[in-house]
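**Q** Following this message is one structure expressed as structure tokens.
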Amino acid sequence: MKRPKLKKASKRMSCSKRYKIQKKVREHNRKLRKEAKKKGITKRVKKDPGVPSIAPFKEEVLREAEQRKLKLEELKQKKRLEKQQERERAQKRKREATSSDSNTQAKKVKKEGNLNRPQKSSGKDKYSRKFLCDELNKVISDSSVIVEVLDARDPLGCRCPELEEAVLKSEGNKKLLLVLNKIDLVPKSNAEKWLRYLQHEFPTVAFKASVYLQDKTVQEKKKRAGQGAVDQSKGTESFGSSCLLQFLQDYAEAQEGEKTLKVGIVGFPNVGKSSLINSLKGVRACNAGAQGGLTKCTQEVLVAKNVKMIDSPSIMAAPSNPAFAMALRSLPTPGEGGNALDAVRALLKHCDKQQIMLQYTVPDFRNSLEFLTCLAKKRGLMQKGGVPNTAQAAETFLSDWTGTKLSYHSKPPDNPNVPSYLSDETVTEMKKGWDLNKLQKGNSDTIKSVKLHRYSTAIILSSMGPTSGLLSVSEGLETKELGDEEECQEQAIDNEPDLVHAEGRQLEQSQNGKEPQETTPGFAEHPTKVKFQPKPITIDLSSAQKDDDAYDFNTDFK
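The numbering of the sequence shown is our numbering, which starts it at 75 and goes up by one.
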């Protein structure tokens, strides 16, 4: 009975009706069993008794049965291969037919459309190296002030000599300004030392960008403020933005004939170029994230009435750089786990092992692979079967180094080497027109207001000097440079200690009867490299071939 206000009727029934149904089912099943018994049909499968032990020629019978079974398996495998080959031939014929039809149709459309349609210019691929270099050169030529963003953890490694030389030699009396970003990740004394070191060459601004801006437009921010909602977009406040903006506005007002000052933002990946523009704007005007190389083309953002920022793609590191510089400054290539493992090996080589162990709370390790295994177990990065996912652990380790999670710092050099393209006249020209006293006061206020890290929680890194960059790549040499980059990376990896060679050396020593010595790839130097060659194991089957019978059943069946 269907009850009101319910979509389905109730399944409840009386007990007498349920018992009657069960009785009918039992009688029906009994009747079926009775008829099957009369016909001799049973569900039980008789077990194969096998060959009895007292049967004569038992071994020959079993051998014939085994051969018959193998022949049946071979026939099944042969038929399976024939069917697979037939399917592949059919798919090949189908692909050839479709490709020929599409080619003829495309030729016909091209012939008909070329007469009426204008010639379409060949569009540039936004992921090509030539396009990124052209966009970077466009920013340098269109801007009056070039701001090179440096990571405060390794400012010297973030400097590009080719870029600075191109800016100094360009026409139009361009100014070069340095911004020391991410000062909250280094100790206070280290940040002050780097500011004093960099200010000898170019004006330098201390900065800490805000990385949690979520409003993409000014209209969205005004709409939320008008509704009386609490502004949750500012996850962390930026420091140094007022000093930098006022610094640029004063320079723009001092210029004659220019209504708006164009400022180009350049730098290597993951230094915070887009985050700097978003912090000055107050909203998320540019796409920014933890992954490097998100900006593929130029973007102009008006941050003030007379100041316009131009966001640019990241500088591409030259393949001639060492493996350590390529690990931190090169654009990430998704899907290449081998490069991540090599980058981790290069980073661990230039760090103190004790500080790495304290930072990641992992036990003592001998090589990079053992460190990644411990890190994967610590973070719960496991594969199927409980195997540690070292590739994912390597990507996590690199994201910590390129992002804003890990605190490490490098010390400025005691005896600085002035670049060849920089002279005293050039330094004086670059500092002309700026209010350096106001800049120094703003930097001191920024460092006082930012909560900086201590030495106890930071990793000391040995810097490798400036990183060479690419500013021009021709279309014909693009593939050649890609091959040269891979070759240079392979050479850099070969020069470093390899885990495979270390393991092979240990196995060879154990086979020779010597005790294997502990090796520490990434932390010790190995002058020689021993290749491991596995030795084949020979098994003597002569004793088994002499017997006529393959198996003696009397051993198990007596």
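Where is the CB? At the ideal position from N, CA and C, for every residue including glycine.
What do you get for tyrosine 325, buried or exposed, if any count of 16 or more other CB atoms within 10 angstroms of its CB means buried?
**A** Here residue 325 corresponds to residue number 251 of the sequence shown, with the count starting at 1. That one is buried.
**Q** Going by DSSP, what residue range makes up the beta strand (DSSP E) through glutamine 373?
**A** Here the question's residue 373 lines up with position 299 in the sequence shown. Run containing glutamine 373: 373 to 376, per the beta strand (DSSP E) assignment.
**Q** Please report how far the alpha carbon of alanine 265 lies from the alpha carbon of isoleucine 384, in whole angstroms.
**A** In the sequence shown, counting from the first residue as 1, residue 265 sits at position 191. In the sequence shown, counting from the first residue as 1, residue 384 sits at position 310. Cα to Cα, the separation comes out at about 27 Å.
**Q** Under a Cβ-count criterion, where at least 16 other Cβ atoms within 10 Å of its own Cβ denotes burial, should threonine 633 be classed as buried or exposed?
**A** With the chain represented from 75 up to 632, any question about residue 633 goes unanswered, as that position is not in the structure.
**Q** Give the straight-line distance between the Cα atoms of glutamate 245 and aspartate 216, rounded to the nearest whole angstrom.
**A** Along the sequence shown, read from residue 1 onward, the residue named residue 245 stands at position 171. Along the sequence shown, read from residue 1 onward, the residue named residue 216 stands at position 142. Those two C-alpha atoms are separated by around 11 Å.
**Q** Report yes or no: do three or more beta-carbon pairs, one from the region 363 to 380 and one from the region 413 to 431, lie closer than 8 Å?
**A** no
**Q** If you draw a straight line from the C-alpha of tyrosine 93 to the C-alpha of lysine 108, how long is it?
**A** The count along the sequence shown starts at 1 and reaches residue 93 at position 19. The count along the sequence shown starts at 1 and reaches residue 108 at position 34. Using only the alpha carbons, I get a separation of about 23 Å.
**Q** Reducing DSSP to helix, strand and coil, say where threonine 278 ends up.
**A** Counting from one through the sequence shown, the residue named residue 278 turns up at place 204. Residue state, collapsed to three classes: strand.
**Q** Please report the residue range of the alpha helix (DSSP H) in which leucine 106 lies.
**A** Position 32 of the sequence shown, counted from the first residue, corresponds to residue 106. 89 to 113 is the span of the alpha helix (DSSP H), which, as asked, contains leucine 106.
**Q** Suppose only complete runs of 3+ residues qualify. What are the beta strand (DSSP E) ranges in the region 481 to 524, listed by chain order?
**A** 482 to 484
**Q** Are at least three pairs of beta-carbons, each pair with one atom in the region 364 to 373 and one in the region 251 to 266, less than 8 Å apart?
**A** Between the region 364 to 373 and the region 251 to 266, the count of C-beta pairs closer than 8 Å stays below three; the two stretches do not touch.
**Q** Rounded to whole angstroms, how far is the Cβ of lysine 249 from the Cβ of methionine 504, which I believe are closer than 8 Å?
**A** Along the sequence shown, one-based indexing puts residue 249 at 175. Along the sequence shown, one-based indexing puts residue 504 at 430. Going by Cβ atoms, the distance from lysine 249 to methionine 504 rounds to 6 Å, so yes, they are a contact pair.
**Q** Looking at C-beta atoms only, is the number of pairs between the region 445 to 465 and the region 492 to 503 that lie closer than 8 Å three or more?
**A** no
**Q** Would DSSP call isoleucine 351 helix, strand or coil?
**A** For the purposes of this step, residue 351 is taken as residue 277 along the sequence shown, with counting starting at 1. If DSSP states are grouped into helix, strand and coil, isoleucine 351 belongs with the helices.
**Q** Can you tell me where the alpha helix (DSSP H) with lysine 336 in it begins and where it stops?
**A** Stepping through the sequence shown from its first residue, residue 336 is reached at position 262. Taken as a continuous stretch (DSSP letters only), lysine 336 belongs to no alpha helix (DSSP H), being part of the beta strand (DSSP E) at 335 to 340.
**Q** Name the residue from Val260, Lys262, Leu242 and Phe281 whose alpha carbon lies nearest to the alpha carbon of glutamate 275.
**A** By 1-based counting over the sequence shown, the position of residue 275 is 201. Ranking Val260, Lys262, Leu242 and Phe281 by CA distance to the CA of glutamate 275 puts Leu242 first.
**Q** With DSSP run on the structure shown, which of helix, strand or coil describes proline 123?
**A** Here residue 123 refers to the residue found at position 49 of the sequence shown. DSSP places proline 123 in coil when its eight states are reduced to three.
**Q** Looking at the secondary structure, which residues open and close the alpha helix (DSSP H) in which leucine 402 lies?
**A** Position 328 of the sequence shown, counted from the start, is the residue given in the question as residue 402. Its alpha helix (DSSP H) spans residues 397 to 403.
**Q** How long is the line joining the alpha carbons of lysine 85 and lysine 91, rounded to whole angstroms?
**A** Here the question's residue 85 lines up with position 11 in the sequence shown. Here the question's residue 91 lines up with position 17 in the sequence shown. Lysine 85 and lysine 91: Cα-Cα distance of roughly 12 Å.
**Q** Taking 8 Å as the cut-off, decide whether the C-beta atoms of valine 260 and arginine 227 are in contact.
**A** Counting from one through the sequence shown, the residue named residue 260 turns up at place 186. Counting from one through the sequence shown, the residue named residue 227 turns up at place 153. Yes, the Cβ-Cβ distance between valine 260 and arginine 227 is below 8 Å.
**Q** With DSSP as the reference, identify every bridge partner of cysteine 425, one or two as the case may be.
**A** Along the sequence shown, one-based indexing puts residue 425 at 351. Looking at the DSSP assignment, cysteine 425 forms a beta bridge with Leu535.
**Q** The beta strand (DSSP E) with lysine 85 in it runs from where to where?
**A** What you label residue 85 is simply residue 11 of the sequence shown in a count that begins at 1. Lysine 85 -> no beta strand (DSSP E), and no H or E assigned at all.
**Q** Could you tell me which residues DSSP pairs with alanine 391 in its beta bridges?
**A** Looking up residue 391 in the sequence shown gives position 317. According to DSSP, alanine 391 bridges with Gly543.
**Q** Indicate the three-state DSSP secondary structure (helix, strand or coil) for asparagine 255 in the structure shown.
**A** Here the question's residue 255 lines up with position 181 in the sequence shown. DSSP, reduced to helix, strand and coil, places asparagine 255 within a strand of the structure shown.
**Q** What are the complete alpha helix (DSSP H) segments, minimum 4 residues, inside the region 431 to 465?
**A** 442 to 453
**Q** Measuring only the C-alpha atoms, how far is leucine 350 from alanine 364?
**A** As a working note, residue 350 is residue 276 in the sequence shown. As a working note, residue 364 is residue 290 in the sequence shown. Each residue's alpha carbon lies about 14 Å from the other.
**Q** Between which two residues does the beta strand (DSSP E) holding isoleucine 220 run?
**A** Residue 220 sits at position 146 when you count from the first residue of the sequence shown. Per DSSP, isoleucine 220 belongs to the beta strand (DSSP E) from 219 to 225.
**Q** Evaluate glycine 124 with the Cβ neighbour count: other Cβ atoms within 10 Å of its Cβ, from every protein chain shown; 16 or more gives buried, anything less gives exposed.
**A** On the sequence shown, residue 124 is found 50 positions in, with the first residue counted as 1. With fewer than 16 other beta carbons inside 10 angstroms of its own, glycine 124 counts as exposed.
**Q** Quick check: glycine 366 and leucine 405, are their CB atoms within less than 8 Å of each other?
**A** As a working mapping, residue 366 is identified with position 292 in the sequence shown. As a working mapping, residue 405 is identified with position 331 in the sequence shown. Cβ distance < 8 Å, so glycine 366 and leucine 405 count as in contact.
**Q** Look up phenylalanine 313 in the DSSP assignment and give the residues it is bridged to.
**A** Taking the first residue of the sequence shown as position 1, residue 313 is located at position 239. Phenylalanine 313 pairs with Lys282.
**Q** Using a Cβ-Cβ cut-off of 8 Å (strictly less than) and excluding sequence neighbours within five positions of leucine 322, which residues of its own chain qualify?
**A** Taking the sequence shown and counting its residues from 1, one reaches residue 322 at position 248. Scanning its chain for C-beta atoms nearer than 8 Å, with the 5 sequence neighbours on each side dropped, one finds around leucine 322 the residues Val219, Leu335, Val337, Ala378 and Val381, in chain order.
**Q** Identify whether proline 343 lies in helix, strand or coil by the three-state DSSP scheme.
**A** In the sequence shown, the residue the question calls residue 343 occupies position 269. Proline 343: coil per DSSP, three-state reduction.
**Q** Is the beta carbon of glutamate 239 sitting closer than 8 Å to the one on tyrosine 495?
**A** Working through the sequence shown from its first residue, we reach residue 239 at position 165. Working through the sequence shown from its first residue, we reach residue 495 at position 421. Yes, the pair counts as a contact, with Cβ atoms nearer than the cut-off.
**Q** Return the CA-CA distance between lysine 82 and arginine 100, expressed in angstroms with no decimal places.
**A** Here residue 82 corresponds to residue number 8 of the sequence shown, with the count starting at 1. Here residue 100 corresponds to residue number 26 of the sequence shown, with the count starting at 1. The alpha-carbon atoms of lysine 82 and arginine 100 are separated by roughly 30 Å.
**Q** Starting from the C-beta of leucine 230, find all residues in its chain whose C-beta is less than 8 Å away, skip the five residues before and the five after it, and write them out in chain order.
**A** In the sequence shown, counting from the first residue as 1, residue 230 sits at position 156. Spatial neighbours of leucine 230 in its own chain (CB-CB distance under 8 Å, excluding positions within 5 residues in sequence) are listed in chain order as Ser484, Pro486, Pro487, Ser537, Gly539 and Pro540.
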